[in-house]
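There are 4 protein chains.
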Amino acid sequence: MNVPLGKRTFIEEARRAQIIECAIEAIATLGYTRTSLAKIAELAELSPGSISYHFGSKDELIQAVVAEVAMMATSMMEPAIVAQSTATDALRVYFETNLAFMDRHRKPLFALVEIVTHACGGTETPGPYAAQHETALRDIEKVLAWGRTTGEFREFDPRSMAIAIRGAVDAVPAELLRNPDLDLELLARELVTLFTLATRRRP
Amino acid sequence: MNVPLGKRTFIEEARRAQIIECAIEAIATLGYTRTSLAKIAELAELSPGSISYHFGSKDELIQAVVAEVAMMATSMMEPAIVAQSTATDALRVYFETNLAFMDRHRKPLFALVEIVTHACGGTETPGPYAAQHETALRDIEKVLAWGRTTGEFREFDPRSMAIAIRGAVDAVPAELLRNPDLDLELLARELVTLFTLATRRRP
Amino acid sequence: MNVPLGKRTFIEEARRAQIIECAIEAIATLGYTRTSLAKIAELAELSPGSISYHFGSKDELIQAVVAEVAMMATSMMEPAIVAQSTATDALRVYFETNLAFMDRHRKPLFALVEIVTHACGGTETPGPYAAQHETALRDIEKVLAWGRTTGEFREFDPRSMAIAIRGAVDAVPAELLRNPDLDLELLARELVTLFTLATRRRP
Amino acid sequence: MNVPLGKRTFIEEARRAQIIECAIEAIATLGYTRTSLAKIAELAELSPGSISYHFGSKDELIQAVVAEVAMMATSMMEPAIVAQSTATDALRVYFETNLAFMDRHRKPLFALVEIVTHACGGTETPGPYAAQHETALRDIEKVLAWGRTTGEFREFDPRSMAIAIRGAVDAVPAELLRNPDLDLELLARELVTLFTLATRRRP
DNA sequence: AATGAATGAGCGTTCATTCAT
DNA sequence: CATGAATGAACGCTCATTCAT
Numbered sequence: 054m055n056v057p058l059g060k061r062t063f064i065e066e067a068r069r070a071q072i073i074e075c076a077i078e079a080i081a082t083l084g085y086t087r088t089s090l091a092k093i094a095e096l097a098e099l100s101p102g103s104i105s106y107h108f109g110s111k112d113e114l115i116q117a118v119v120a121e122v123a124m125m126a127t128s129m130m131e132p133a134i135v136a137q138s139t140a141t142d143a144l145r146v147y148f149e150t151n152l153a154f155m156d157r158h159r160k161p162l163f164a165l166v167e168i169v170t171h172a173c174g175g176t177e178t179p180g181p182y183a184a185q186h187e188t189a190l191r192d193i194e195k196v197l198a199w200g201r202t203t204g205e206f207r208e209f210d211p212r213s214m215a216i217a218i219r220g221a222v223d224a225v226p227a228e229l230l231r232n233p234d235l236d237l238e239l240l241a242r243e244l245v246t247l248f249t250l251a252t253r254r255r256p
Numbered sequence: 054m055n056v057p058l059g060k061r062t063f064i065e066e067a068r069r070a071q072i073i074e075c076a077i078e079a080i081a082t083l084g085y086t087r088t089s090l091a092k093i094a095e096l097a098e099l100s101p102g103s104i105s106y107h108f109g110s111k112d113e114l115i116q117a118v119v120a121e122v123a124m125m126a127t128s129m130m131e132p133a134i135v136a137q138s139t140a141t142d143a144l145r146v147y148f149e150t151n152l153a154f155m156d157r158h159r160k161p162l163f164a165l166v167e168i169v170t171h172a173c174g175g176t177e178t179p180g181p182y183a184a185q186h187e188t189a190l191r192d193i194e195k196v197l198a199w200g201r202t203t204g205e206f207r208e209f210d211p212r213s214m215a216i217a218i219r220g221a222v223d224a225v226p227a228e229l230l231r232n233p234d235l236d237l238e239l240l241a242r243e244l245v246t247l248f249t250l251a252t253r254r255r256p
Numbered sequence: 054m055n056v057p058l059g060k061r062t063f064i065e066e067a068r069r070a071q072i073i074e075c076a077i078e079a080i081a082t083l084g085y086t087r088t089s090l091a092k093i094a095e096l097a098e099l100s101p102g103s104i105s106y107h108f109g110s111k112d113e114l115i116q117a118v119v120a121e122v123a124m125m126a127t128s129m130m131e132p133a134i135v136a137q138s139t140a141t142d143a144l145r146v147y148f149e150t151n152l153a154f155m156d157r158h159r160k161p162l163f164a165l166v167e168i169v170t171h172a173c174g175g176t177e178t179p180g181p182y183a184a185q186h187e188t189a190l191r192d193i194e195k196v197l198a199w200g201r202t203t204g205e206f207r208e209f210d211p212r213s214m215a216i217a218i219r220g221a222v223d224a225v226p227a228e229l230l231r232n233p234d235l236d237l238e239l240l241a242r243e244l245v246t247l248f249t250l251a252t253r254r255r256p
Numbered sequence: 054m055n056v057p058l059g060k061r062t063f064i065e066e067a068r069r070a071q072i073i074e075c076a077i078e079a080i081a082t083l084g085y086t087r088t089s090l091a092k093i094a095e096l097a098e099l100s101p102g103s104i105s106y107h108f109g110s111k112d113e114l115i116q117a118v119v120a121e122v123a124m125m126a127t128s129m130m131e132p133a134i135v136a137q138s139t140a141t142d143a144l145r146v147y148f149e150t151n152l153a154f155m156d157r158h159r160k161p162l163f164a165l166v167e168i169v170t171h172a173c174g175g176t177e178t179p180g181p182y183a184a185q186h187e188t189a190l191r192d193i194e195k196v197l198a199w200g201r202t203t204g205e206f207r208e209f210d211p212r213s214m215a216i217a218i219r220g221a222v223d224a225v226p227a228e229l230l231r232n233p234d235l236d237l238e239l240l241a242r243e244l245v246t247l248f249t250l251a252t253r254r255r256p
């Protein structure tokens, strides 16, 4: 229905980027529920119809926001993680880059959290972000498997450990929302110590 | 007139309980956003106005659902936790009872998660459950402090550890939703081991 | 549909009176719009169904309230007015008794005003109290006609004078509502003087 | 883009004017209580949501109706009244212009009366138009005070006289509703005579 | 490329009324 | 006599979406 990806003009891309930015601002500030397309349009000094014009539907806009934030996060984290030479270091950098991203991009973070918690719904519908979460767990499991093969890590159920790791990271935004002065560097150090002790081969 | 007052109250309470049950069913199945009073009424084979009759407002119904589920959880978990004689055991039982509750009461669990994540909104408004979450963290911190005084636990930042513990527990419902066959007993054992290693005084 | 007038039991009458009293209280305090049968029932410590049982419909209850207040007013005013021997005195006593009633029975007064202004509606439906108002005007016109025949009064259009007289009286409740400390005795004296000067044969 | 901004505003203003007109029609015909946004929309051959689109809320629409009618009335009455050189003339023109307005703009008049009587409620809440009514009384009192200083008027309580004058004017719409053929020119002349006699210094 | 007026389904809520008990 | 649970229609309002311009 929309202009195909390859044929977007420069101005078209600029508009999309602007709308996405305003959507992030609105969702992070007002919360997902109180954010309507009209409010985003108002923030972008655009008409409500323009949003539909550029994104076809609300769902597409939300998806674009998620993609944008995910790309921001990935580009900031992935290179640093894969550059590590031990699984222990990779795990350490995983926490460090995750929390560093959260510290530096709070609004995109809050917007993403709002979207992920609200766009999913109920038992019957898996939600569009179940797959993404599964991917995140698998990425962690890869690092854990690596640590097992190198002998850095003790024996444990990788899925359980991955859940705990991802859970710790996912718990941060909510805590950050309640306490904006949270010391994320301290928290990162503590989480690194915690999971290093939890994963390392018994001494 | 001879009918005792409690009998009428019983009928009223039964209806309330039925509506709460249907609300849990609806929210767990459809998600918070897609659950309207009309849908709950339909599920309960009642008219839409009846919900308002029994609960006054949607907020009151939601609050009643939360209270119901919270009571179920508390009554199942608290006695077992406080019965422990060491902090390490208390922490262990914390994980065991939490995950046991999740295993046995999945729909109430999903409903509660849906409500808690949706009733809060945005950066500027704290949401009604921020305080509850803070309480949960403080409860964990109490156990951690106890373990410190007894010398069971190593030195660590209690808030960071509490965030990780709570994060691990909070990660379970989402994982359970994606994978209903998740082995919660295994997960509980692994989390106990994980956090025992992470908290214990270095050997 | 209801029990015929003649066959009301004592208890039935007592209940009706109690409900009417509570309806007056509710309407005078909350205003017509905010008064529901449920609120009246609550005030009367009765169930909402009982109101319908005793009055058949809301309209009937309202009608009963109007009848009650009208009877209170009439019984207080009419004897004094008809006892006068000159039209000028009758007009004087008309003002005096009207305002005295308003002073002593403020809640019934406010309730009546609320009902009359709200139960009537629009151009197409004459409203149930148009006839009553017409009767009130005719009663005033009778006094005016009497004053003309006795030569007390100058020539004027009786309907216009009646409208002004009734208008002055009807303006009092609204003013009383805005200013509860209004000196109604002063007002009565001033209105008597005003309309005595306005009606008397030129000197 | 060449189209001047005023043109769009013109369309918008035209719709607002049309909706206001239909609201007046509906309220005057059906009465305030029986007039819903849906009925107004139906009259304007619009969807129910459009009213909210143009006016945000019912209250705003009602306020716009009041402002519209008040402006019609003020523009018709005020210039003529302030142009008079004696208080007696000002009082005369006050009646004449008021009743002339009522004669020529009956539906707006009825609508305004409906709104003013229904937007207020009960003993405890003053209602948004209590202040307007007080202003109206004060305006009359100014004219009365003027007549006192010039020696045109006798001694009287200005508030009482103002209540009677305003009461006479306010009584007209109700009478007009019951009797559409009422001769308002005659009524105006009679009221002028009446209050001239009632206010003038004793001869 | 953009507008913004218009839509219409759905929301939570109120309330006079009914009726089995 | 009285209850109070239940109803269902109507209310004001929100909002993603459409479309003529």
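Protein chains in written order, with the working numbering: chain A, 54 to 256; chain B, 54 to 256; chain C, 54 to 256; chain D, 54 to 256.
Built from N, CA and C at the ideal position, the CB exists for glycine as well.
If we count Cβ pairs, one from each stretch, closer than 8 Å, do we get three or more for the stretch 162-181 of chain C versus the stretch 198-210 of chain C? In the pairwise beta carbon analysis, the stretch 162-181 of chain C is classified as not touching the stretch 198-210 of chain C: fewer than three pairs are separated by under 8 Å.
Looking at chain A, is there any beta carbon in it that lies within less than 8 Å of the beta carbon of H158 of chain B? The sequence position of residue 158 of chain B within the second sequence is 105, counting from 1. Chain A contact via Cβ: absent.
Give the single residue among B:I193, B:Q71, B:E208 and B:A198 whose Cα lies nearest to the Cα of N151 of chain B. As a working note, residue 151 of chain B is residue 98 in the second sequence. The residue with the shortest Cα to Cα distance from N151 of chain B is B:I193.
Where does F154 of chain C fall in DSSP's three states? Residue numbering aside, residue 154 of chain C sits at position 101 when the third sequence is read from its first letter. Here DSSP, grouped into helix, strand and coil, assigns F154 of chain C to helix.
According to DSSP, is R207 of chain A helix, strand or coil? As a working mapping, residue 207 of chain A is identified with position 154 in the first sequence. Note: R207 of chain A maps to coil in three-state DSSP.
Chain C contacts made by the stretch 209-227 of chain D, where a contact means CB separation under 9 Å: F209, D210, R212, S213, M214, I216, A217, I218, R219, G220, A221, V222, D223, A224, V225 and A227
Could you tell me the distance, in whole angstroms, from the CA atom of K92 of chain C to the CA atom of A79 of chain C? Start at 1 with the first residue of the third sequence, and residue 92 of chain C comes out as number 39. Start at 1 with the first residue of the third sequence, and residue 79 of chain C comes out as number 26. Approximately 7 Å between the Cα atoms of the pair.
Comparing C-alpha positions only, which one of D:I168, D:T246, D:V135 and D:E177 sits nearest to G84 of chain C? As a working mapping, residue 84 of chain C is identified with position 31 in the third sequence. Residue D:E177 is the option with its Cα nearest to G84 of chain C.
By the 10 Å Cβ neighbour count, where 16 or more other Cβ atoms means buried, how is D234 of chain C classified, buried or exposed? By one-based count along the third sequence, residue 234 of chain C stands at place 181. Classification for D234 of chain C: exposed.
Distance, L96 of chain D Cα to N232 of chain B Cα: What you label residue 232 of chain B is simply residue 179 of the second sequence in a count that begins at 1. What you label residue 96 of chain D is simply residue 43 of the fourth sequence in a count that begins at 1. N232 of chain B and L96 of chain D have their alpha carbons spaced roughly 55 Å apart.
Interface residues of the stretch 68-90 of chain D facing chain C [CB-CB below 9 Å]: A79, I80, A81, T82, L83, G84, Y85, T86, R87 and T88
Distance, H107 of chain C Cα to A227 of chain B Cα: Position 174 of the second sequence, counted from the first residue, corresponds to residue 227 of chain B. Position 54 of the third sequence, counted from the first residue, corresponds to residue 107 of chain C. Cα to Cα, the separation comes out at about 57 Å.
Anything in chain D within Cβ reach of H275 of chain C, meaning under 8 Å, just list it in chain order. Outside the shown range of chain C, which is 54 to 256, sits residue 275 of chain C, and nothing can be said about it.
The alpha helix (DSSP H) spanning Y106 of chain B covers which residue range? Position 53 of the second sequence holds residue 106 of chain B. In the DSSP assignment, Y106 of chain B falls within the alpha helix (DSSP H) that extends over P101 to F108.
Let's test the definition: count the other Cβ atoms within 10 Å of the Cβ of L230 of chain C and tell me whether it reaches 16, buried, or not, exposed. For the purposes of this step, residue 230 of chain C is identified with residue 177 of the third sequence, where counting begins at 1. L230 of chain C is buried by the Cβ-count criterion.
Determine the chain B residues that contact R254 of chain A at a beta-carbon separation under 9 Å, and present them in chain order. Within the first sequence, numbered from 1, the residue matching residue 254 of chain A stands at position 201. Per Cβ cutoff of 9 Å: no residues; R254 of chain A is ~11 Å from chain B at best.
In the DSSP assignment, find the unbroken alpha helix (DSSP H) run with C75 of chain C in it and report its ends. Translated into positions along the third sequence, residue 75 of chain C becomes position 22. Taken as a continuous stretch (DSSP letters only), the alpha helix (DSSP H) holding C75 of chain C covers F63 to L83.
Since V225 of chain D and L240 of chain D are thought to touch, with beta carbons under 8 Å apart, how far apart are those beta carbons, to the nearest angstrom? The residue given as residue 225 of chain D occupies position 172 in the fourth sequence. The residue given as residue 240 of chain D occupies position 187 in the fourth sequence. Confirmed, about 7 Å.
G109 of chain C: buried (16+ other C-beta within 10 angstroms of its C-beta) or exposed? Reading the third sequence from its first residue, position 56 is the one you call residue 109 of chain C. Result: exposed.
Is it the case that the Cβ atoms of V245 of chain A and F148 of chain A are separated by a distance below 8 Å? Indexing the first sequence from 1 puts residue 245 of chain A at position 192. Indexing the first sequence from 1 puts residue 148 of chain A at position 95. Yes, Cβ-Cβ distance for V245 of chain A and F148 of chain A is below 8 Å.
Near-chain C residues of the stretch 186-210 of chain D - C-beta to any C-beta below 9 Å: H186, E187, L190, R207, F209 and D210
Give the secondary structure of R253 of chain A by DSSP, where H, G and I count as helix, E and B as strand, and everything else as coil. For the purposes of this step, residue 253 of chain A is taken as residue 200 along the first sequence, with counting starting at 1. The three-state reading of DSSP puts R253 of chain A in strand, counting E and B together.
Taking the straight line between their C-alpha atoms, what separation do you get for E238 of chain C and R69 of chain D? The residue you call residue 238 of chain C lines up with position 185 of the third sequence. The residue you call residue 69 of chain D lines up with position 16 of the fourth sequence. Approximately 48 Å, taken between the alpha carbons.
List, in order along the chain, the chain D residues whose C-beta lies closer than 9 Å to that of E243 of chain C? Here residue 243 of chain C corresponds to residue number 190 of the third sequence, with the count starting at 1. Those are F209, D210, R212, S213, M214, I216 and A217, listed as they occur along chain D.
Which residues bound the alpha helix (DSSP H) around P161 of chain D? Taking the fourth sequence and counting its residues from 1, the one referred to as residue 161 of chain D is at position 108. Its alpha helix (DSSP H) spans residues R159 to A172.
As a quick exercise: from A:I104, A:R219 and A:F209, pick the residue whose alpha carbon is nearest that of R253 of chain A. In the first sequence, the residue the question calls residue 253 of chain A occupies position 200. It is A:F209.
Please give me, in chain order, every unbroken run of the alpha helix (DSSP H) with length at least 4 that falls completely inside the stretch 180-245 of chain C. 183-203 and 211-231
Closest by C-alpha distance to Q137 of chain C, when choosing among C:V196, C:T62, C:L247 and C:Q71: As a working mapping, residue 137 of chain C is identified with position 84 in the third sequence. Closest option to Q137 of chain C, Cα to Cα, is C:V196.
Please tell me whether G175 of chain C has its Cβ less than 8 Å away from any Cβ of chain D. Locating residue 175 of chain C in the third sequence gives position 122, where the first residue counts as 1. G175 of chain C counts as touching chain D.
With 8 Å as the threshold, decide whether the Cβ of F163 of chain D is near any Cβ in chain C. Position 110 of the fourth sequence, counted from the start, is the residue given in the question as residue 163 of chain D. F163 of chain D counts as touching chain C.
Pull up the distance between the alpha-carbon of G220 of chain C and that of P179 of chain D, whole angstroms please. Within the third sequence, residue 220 of chain C is the residue found at index 167, counting from 1. Within the fourth sequence, residue 179 of chain D is the residue found at index 126, counting from 1. Inter-residue distance for G220 of chain C and P179 of chain D is about 21 Å (C-alpha atoms, whole angstroms).
Residue closest to E187 of chain A, alpha-carbon to alpha-carbon, out of A:I216, A:G175 and A:D236: Counted from its first residue, the first sequence places residue 187 of chain A at position 134. Answer by Cα proximity: A:I216.
Confirm, please, whether the CB-CB distance from I73 of chain C to V118 of chain C is below 8 Å. Here residue 118 of chain C corresponds to residue number 65 of the third sequence, with the count starting at 1. Here residue 73 of chain C corresponds to residue number 20 of the third sequence, with the count starting at 1. Contact: yes.
Use the C-beta contact count for G102 of chain D: other C-beta atoms within 10 angstroms, 16 or more gives buried, fewer gives exposed. Numbered from 1 along the fourth sequence, position 49 holds the residue referred to as residue 102 of chain D. Flag for G102 of chain D reads exposed.
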